[in-house]
Amino acid sequence: MKRGLPLLFSFALLFTAPLLAQESDASEAPIQIVKYSDYQCPACKYFVSIEEQLKEEYGDQLSLTTKHFPLNMHEYAQLASRAAEAARQQGKYQEMHDMIFTGQEQWARGNAEAMFIGYARSLDLDVEQFREDMNSAEMQRIVMEDKREGLNLGVNSTPTFFINGQKLEQNPRTYQQFKSIVDQMLEQ
178 MKRGLPLLFS FALLFTAPLL AQESDASEAP IQIVKYSDYQ CPACKYFVSI
228 EEQLKEEYGD QLSLTTKHFP LNMHEYAQLA SRAAEAARQQ GKYQEMHDMI
278 FTGQEQWARG NAEAMFIGYA RSLDLDVEQF REDMNSAEMQ RIVMEDKREG
328 LNLGVNSTPT FFINGQKLEQ NPRTYQQFKS IVDQMLEQ
């Protein structure tokens, strides 16, 4: 079974969705991973630790970009995405991203906006600016632009990964399975 997994993933990569358009300022890393994610999605949270391991192992060989894809079934997912973007305006996107996923079980039950404001305070952000940005049409536009892009690429669930422009039709379940895919891509 273990020997068949790399072959299965190679097959999945060969028969996947169309290539992603590469932005002109994209990283020069040979492995480009784009993840469409929903902050209220437990599976998306699960992959955060795998992503960290991949970044640690591959360093400059790997670039990981997270795109917003808040699902309608998750009441606070759009707000969470806007909170992350509002933190980006003050240079603290990654820190807010991590805090939102870490606290997912708490804010997903309610009072999400107050919790995100608390996170902003703990990150020493300008809280009033953060609140204004989080609830702005501009942050909503950014989030929905990512979602529209994902829909155009065939994203219909989260997380959805693209590696070097190829959609993974089936997510790897472990770090080792993800690593195997990355290693195969590096060998090409």
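One rule links them: number in the numbering used here = place in the sequence shown (from 1) + 177.
Where a beta carbon is used, it is the ideal one built from N, C-alpha and C, also for glycine.
**Report entry** Same chain, Cβ closer than 8 Å to residue 277, neighbours up to 5 away in sequence not counted
**Finding:** 216, 257, 260, 261, 284, 293, 296
Requested in this report: Check whether the stretch 237 to 253 touches the stretch 203 to 213, taking contact to mean three or more Cβ pairs, one atom from each stretch, closer than 8 Å.
Outcome: yes
Requested in this report: Could you say which of 226, 239, 234, 218 lies nearest to residue 205 if we only look at CA atoms?
Outcome: 239
Query raised in the report: Can the beta-carbon of residue 320 be found closer than 8 Å to that of residue 255?
Result: yes
Query raised in the report: Comparing alpha-carbon positions, which option in 220, 345, 302, 341 lies nearest residue 363?
Result: 341
Report task. Grab the span of the beta strand (DSSP E) containing residue 339 for me, first residue to last. Result -> 337 to 340
Requested in this report: Tell me whether residue 228 is buried or exposed, calling it buried when 16 or more other Cβ atoms sit within 10 Å of its Cβ.
Outcome: buried
Query - Pick from 365, 360, 352, 357 that is closest to residue 225, judged by C-alpha positions - result: 352
Requested in this report: Measure the C-alpha to C-alpha separation of residue 336 and residue 275 and round it to an integer number of angstroms.
Outcome: 16 Å
Query - residue 303 versus 236, 346, 265, 334, residue with shortest Cα-Cα distance - result: 265
Query - Entirely enclosed alpha helix (DSSP H) segments - the stretch 230 to 279, minimum 4 residues - result: 254 to 265, 270 to 279
**Report entry** Cβ neighbours of residue 280 in the same chain (closer than 8 Å, five flanking residues each side left out)
**Finding:** 292, 296
Report task. Can you tell me which of 222, 267, 358, 354 puts its alpha carbon nearest to the alpha carbon of residue 309? Result -> 267
Query raised in the report: At what residues does the alpha helix (DSSP H) containing residue 353 begin and finish?
Result: 352 to 364
Query raised in the report: For the putative contact between residue 220 and residue 253, defined by C-beta atoms under 8 Å, what is the C-beta separation to the nearest angstrom?
Result: That belief does not hold up - the Cβ atoms of residue 220 and residue 253 are roughly 16 Å apart, past 8 Å.
Requested in this report: Specify the secondary structure class of residue 332 as computed by DSSP and reduced to three states.
Outcome: coil
Query raised in the report: Taking Cβ positions, are residue 344 and residue 328 nearer each other than 8 Å?
Result: no
Query - Supposed contact pair residue 235 and residue 359 - C-beta distance, whole angstroms, cut 8 Å - result: 7 Å
Query raised in the report: Mind checking whether residue 273 and residue 231 have CB atoms under 8 Å apart?
Result: no
Query raised in the report: Distance, Cα to Cα, residue 347 vs residue 334?
Result: 11 Å
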